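Working notes for the structure below.
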Amino acid sequence: MVLAQLGGSISRAIQQMSNATIIDEKVLNECLNEITRALLQSDVQFKLVRDMQTNIKKIVNLDDLAAGHNKRKIIQQAIFNELCKMLDPGKPSFTPKKGKTSVVMFVGLQGSGKTTTCTKYAYYHQKKGWKPALVCADTFRAGAFDQLKQNATKAKIPFYGSYMESDPVKIAVEGVERFKKENCDLIIVDTSGRHKQEAALLKKCAKFLKQRYILKPDLAIFVMDSSIGQAAFDQAQAFKQSVAVGAVIVTKMDGHAKGGGALSAVAATKSPVIFIGTGEHMDEFEVFDVKPFVSRLLG
Ligand code: GDP
3 MVLAQLGGSI SRAIQQMSNA TIIDEKVLNE CLNEITRALL QSDVQFKLVR
53 DMQTNIKKIV NLDDLAAGHN KRKIIQQAIF NELCKMLDPG KPSFTPKKGK
103 TSVVMFVGLQ GSGKTTTCTK YAYYHQKKGW KPALVCADTF RAGAFDQLKQ
153 NATKAKIPFY GSYMESDPVK IAVEGVERFK KENCDLIIVD TSGRHKQEAA
203 LLKKCAKFLK QRYILKPDLA IFVMDSSIGQ AAFDQAQAFK QSVAVGAVIV
253 TKMDGHAKGG GALSAVAATK SPVIFIGTGE HMDEFEVFDV KPFVSRLLG
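Here is the structure:
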C-alpha cells in the first residue's frame, strides 16, 4: 500500500465504525479487519498486526461495556494506543552523552537524505552545546564529500573526508581517530548508500556495511525516506541484518507521505524513530514523539 494511503485507510475504517447505528461485534470486527488489511499491505509484520487486533479486542469488551459507555470513543482510543505501541519498540535507543565521545554511523539508501540528515543531527547537537564532527565515508557517490563539506562549513562543524581515498573504512577510521584526539563528543560518520530497488546492489551494500562495522559505532542510525512505502520493511530489515541499527530517522515528512512506513521500519529494526526531517534546511529537523505522529497519521 502506498504510504500516504495507510493513514487514510485506518481513518476510513474508524469513520465507518463510528457511523454505524449500533456498535456490535460485527461492526468492531469489520473495522479491525480493515485496519489489519491496511497495515499488512504496508508490510507491517503479521505478528504485530495480529497482536494489535487481539489487544484491542481485549480492551474493548463489548459485552462488558454498559449501554451508557461511549463505545466509539473507547474503540478509537484503543486503536490509537495500539498504533502508538507499535511505534514504540519498548526500549530507548543508545543516547550519546555530552562531553563523552560517541561515534554515530548513518546508514540508508542513496537519496534517502542521509548526508543532509548527518548535518542536521550535528547542527541540532551543536546548538545544545555539543562538540560534533562529521566524517564523510561515502566514497561511492560522486559529490558526497563536497556536499558534506559545504553543509559542515555552513554550520561551522569540523569535517573529514578525502577526494583520493576510495576505501570508506580507512577514511572512517582516520576521521574518528582525528576527532577523538580533538575531544569531539559526537563523531558522525556518513556512509555510502545504494540506489533504490536494486537488490543486487543492496546485497553489496550489506557486505560493505559489515566491513565498515569494524568501526564499532556506539549507535547506527538508519535513515529512511518517508515516501518509500511498501519497500520500508524490507529495506529496514536488510540494513538491520548487516548492521546493528539502533535508531531510525525518517526524512521528508514535509512531503505528501504521512509517514506510515515508519511503522514498518520500527517493526523491522525494533528500534525507535528518534528524529524526523521536515525540509531541506539544516534546522528542519524535529525530535520524534510517537503520539503526535499517530494523530497526524490518522489525519
Ligand atoms: P543521501 O544520498 O541519502 O545522502 O541524500 P541527500 O542528503 O543528498 O538528500 C537527497 C535529497 O533529499 C536532497 O535534495 C535533500 O535536500 C533532500 N532532503 C533530505 N532530507 C529532506 C527532508 O527532510 N525534506 C525534504 N523536503 N527534502 C529532504
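Numbering of the sequence shown is given in the working numbering, commencing with residue 3 and proceeding in unit increments. Where a beta carbon is used, it is the ideal one built from N, C-alpha and C, also for glycine. Computed from a prediction, not measured in an experiment: that's the story for all the values here.
{"Asked": "T141: CB within 7 Å of a non-hydrogen atom of the ligand GDP", "Found": "no"}
{"Asked": "Assigned exposure category for A302 - 16 Cβ within 10 Å defines buried", "Found": "Outside the shown range of the chain, which is 3 to 301, sits residue 302, and nothing can be said about it."}
{"Asked": "CB contact flag (P134, C186, <8 Å)", "Found": "yes"}
{"Asked": "beta-carbon S114 near the ligand GDP non-hydrogen atom, thresh 7 Å", "Found": "yes"}
{"Asked": "Bridge-paired residues (DSSP) for T253", "Found": "D227"}
{"Asked": "Of the listed residues G9, G110, A269, nearest to S244 (C-alpha basis)", "Found": "G110"}
{"Asked": "Distance, A157 Cα to L221 Cα", "Found": "23 Å"}
{"Asked": "Start and end residues, alpha helix (DSSP H) containing E84", "Found": "73-89"}
{"Asked": "CB-CB length for N150 against F142, believed under 8 Å", "Found": "A small correction: the amino acid at residue 150 is Leu; Asn does not occupy that position in the sequence shown. Actually they are not in contact, since the Cβ atoms of L150 and F142 sit about 13 Å apart, beyond 8 Å."}
{"Asked": "G177: first and last residue of the uninterrupted alpha helix (DSSP H) it sits in", "Found": "170-183"}
{"Asked": "Best match in L67, M284, L42, M54 for proximity to E27 [C-alpha to C-alpha]", "Found": "L67"}
{"Asked": "Length of the line joining the Cα atoms of G33 and V171", "Found": "Reading off the sequence shown, one finds Cys at residue 33, where the question assumed Gly. Each residue's Cα considered, the two are about 50 Å apart."}
{"Asked": "F96, enclosing beta strand (DSSP E) - first and last residue", "Found": "Run containing F96: none; DSSP gives neither H nor E here."}
{"Asked": "CB of A270 within 8 Å of CB of F235, strictly", "Found": "yes"}
{"Asked": "K133: CB within 7 Å of a non-hydrogen atom of the ligand GDP", "Found": "no"}
{"Asked": "Buried/exposed call for I24, threshold 16 Cβ in 10 Å", "Found": "exposed"}
{"Asked": "Proximity test, K254 beta-carbon vs the ligand GDP heavy atom, cut-off 7 Å", "Found": "yes"}
{"Asked": "Contact under 8 Å by Cβ, T193 with A139", "Found": "yes"}
{"Asked": "The stretch 76-89 / the stretch 121-133 touching (three or more Cβ pairs under 8 Å)", "Found": "no"}
{"Asked": "A249 beta carbon less than 8 Å from that of I276", "Found": "yes"}
{"Asked": "Alpha carbon of K99 to alpha carbon of D291, nearest angstrom", "Found": "20 Å"}
{"Asked": "Rounded C-alpha distance that separates T97 from Y126", "Found": "14 Å"}
{"Asked": "Within 8 Å, strictly: CB atoms of I190 and V137", "Found": "yes"}
{"Asked": "Neighbour-count burial assignment, T118, 16 or more Cβ in a 10 Å radius", "Found": "buried"}
{"Asked": "Minimum Cβ-Cβ distance from I230 to chain D less than 8 Å", "Found": "No chain D is part of this structure, which consists of one protein chain only."}
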